[in-house]
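Step one of this worksheet: look at the structure below.
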Amino acid sequence: MNSNSDTTTYPAETTLDERDGRYLRKAIVWSHAARRRGNRPFGSVIVSAAGEVLAEAGNSNAETGDCTAHAEVNALRALAGRKLSREELAGATIYASGEPCVMCAGAIFWSNIGRVVFGIDAERLRVFRGERQDQRDAELSCRDVFRASPHPIECIGPALIDEASAAHDGAWKT
5 MNSNSDTTTY PAETTLDERD GRYLRKAIVW SHAARRRGNR PFGSVIVSAA
55 GEVLAEAGNS NAETGDCTAH AEVNALRALA GRKLSREELA GATIYASGEP
105 CVMCAGAIFW SNIGRVVFGI DAERLRVFRG ERQDQRDAEL SCRDVFRASP
155 HPIECIGPAL IDEASAAHDG AWKT
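Under our numbering, the first residue of the sequence shown carries the number 5, and numbering increases by one thereafter.
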């Protein structure tokens with residue numbers, strides 16, 4: 005593929021119900037906050053089956069120098085002190101402003117969280133990063149990771165793509 009042609013097929017946008025839309029927008033707010041602090045623009049919110057916000061966080065790689073300080077991992081770390089049962093976690097949803105990377109998908113798997121809702125997908129993120137489809141980093145779709153799980157992990161997204169994309173506009177220029 006040459007750089008003048010983009011034959012990428014993007015995933016169709018998912019329509020969310022009011023609850024999922026509200027919490028995904030909260031994760032998107034965290035993505036803007038992370039960017040304002042000099043980090044990559046990603047945010048995450050974890051919500052119980054009953055609708056209680058259990059944890060929320062933004063990316064903090066630049067602030068901490070920790071390459072694992074992605075929004076989803078930061079939210080999972082914040083959740084750890086709550087000592088929830090595996091059943092409670094299986095009923096929880098993690099909302100991510102961007103499609104979880106391989107590391108974050110693995111952390112979500114190990115957490116036993118049963119549902120993921122994300123904003124901008126990995127294919128669209130590559131455009132913001134200035135990458136072509138044939139220049140991928142070591143990346144699998146989060147769905148590929150979740151498919152290998154012995155416990156079910158429902159994955160919904162991409163959703164609210166325009167809203168989730170806004171924090172990325174101009175953020176990947178180096």
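Note that CB positions come from ideal geometry on N, CA and C, so glycine has one too.
message: Out of W34, R39, A16, D24, which one is the CA nearest neighbour of K173?
response: If you number the sequence shown from 1, residue 173 lands on position 169. Sequence inspection shows Asp at residue 173; the Lys mentioned does not correspond to that position. The candidate whose alpha carbon is nearest that of D173 is R39.
message: Less than 6 Å between C-beta atoms, sequence neighbours within five positions excluded: which residues of the same chain meet that for F122?
response: Start at 1 with the first residue of the sequence shown, and residue 122 comes out as number 118. Taken in chain order, the residues that qualify are A100, E103, G161.
query: Skipping 5 residues on each side, what residues in its chain have a beta carbon closer than 7 Å to that of C159?
result: Taking the first residue of the sequence shown as 1, we reach residue 159 at position 155. Correct list, in chain order: V120, C146, R147, F150.
- prompt: If you draw a straight line from the alpha carbon of S204 to that of I50, how long is it in whole angstroms?
  reply: For residue 204 there is no data in the structure shown, the boundaries of the chain being 5 and 178.
query: DSSP three-state call for R26: helix, strand or coil?
result: Here residue 26 refers to the residue found at position 22 when the sequence shown is read from its first residue. Helix, per DSSP.
- prompt: Going by Cα to Cα distance, which pick from E91, R128, A109 is closest to L80?
  reply: On the sequence shown, position 76 is the one that residue 80 refers to. Per the Cα distances, A109.
field: Under the three-state DSSP convention, the category I98 falls into
entry: The sequence position of residue 98 within the sequence shown is 94, counting from 1. Of the three classes helix, strand and coil, the one that applies to I98 here is strand, per DSSP.
query: What are the boundary residues of the alpha helix (DSSP H) that includes E76?
result: Taking the sequence shown and counting its residues from 1, the one referred to as residue 76 is at position 72. Unbroken alpha helix (DSSP H) run through E76: 75-84.
field: Spatial distance of L164 from G25 (CA atoms)
entry: By one-based count along the sequence shown, residue 164 stands at place 160. By one-based count along the sequence shown, residue 25 stands at place 21. Rounded to whole angstroms, L164 to G25 spans 8 Å at the Cα level.
query: How many angstroms separate the CA atom of E76 from the CA atom of I117?
result: Locating residue 76 in the sequence shown gives position 72, counting from the first residue. Locating residue 117 in the sequence shown gives position 113, counting from the first residue. Rounded to whole angstroms, E76 and I117 show a C-alpha spacing of 12 Å.
- prompt: For the region 55-63 against the region 78-97, are there 3 or more C-beta pairs whose distance is under 8 Å?
  reply: yes
- prompt: Which residue comes first and which comes last in the beta strand (DSSP E) that contains C159?
  reply: Within the sequence shown, the letter at position 155 stands for residue 159. Segment 158-160, the beta strand (DSSP E) holding C159.
query: Nearest-angstrom Cα distance between F113 and M107?
result: Locating residue 113 in the sequence shown gives position 109, counting from the first residue. Locating residue 107 in the sequence shown gives position 103, counting from the first residue. About 10 Å.
query: Taking just the CA atoms, how far does L144 sit from A94?
result: Taking the first residue of the sequence shown as position 1, residue 94 is located at position 90. Taking the first residue of the sequence shown as position 1, residue 144 is located at position 140. Approximately 23 Å between the Cα atoms of the pair.
field: Minimum C-alpha distance to S48 - residue among I124, S169, I32, L129
entry: Position 44 of the sequence shown, counted from the first residue, corresponds to residue 48. Per the Cα distances, I32.
message: Taking the alpha-carbon of D125 as reference, which of I98, S169, S153 has the nearest alpha-carbon?
response: Here residue 125 refers to the residue found at position 121 of the sequence shown. Nearest C-alpha to D125: S169.
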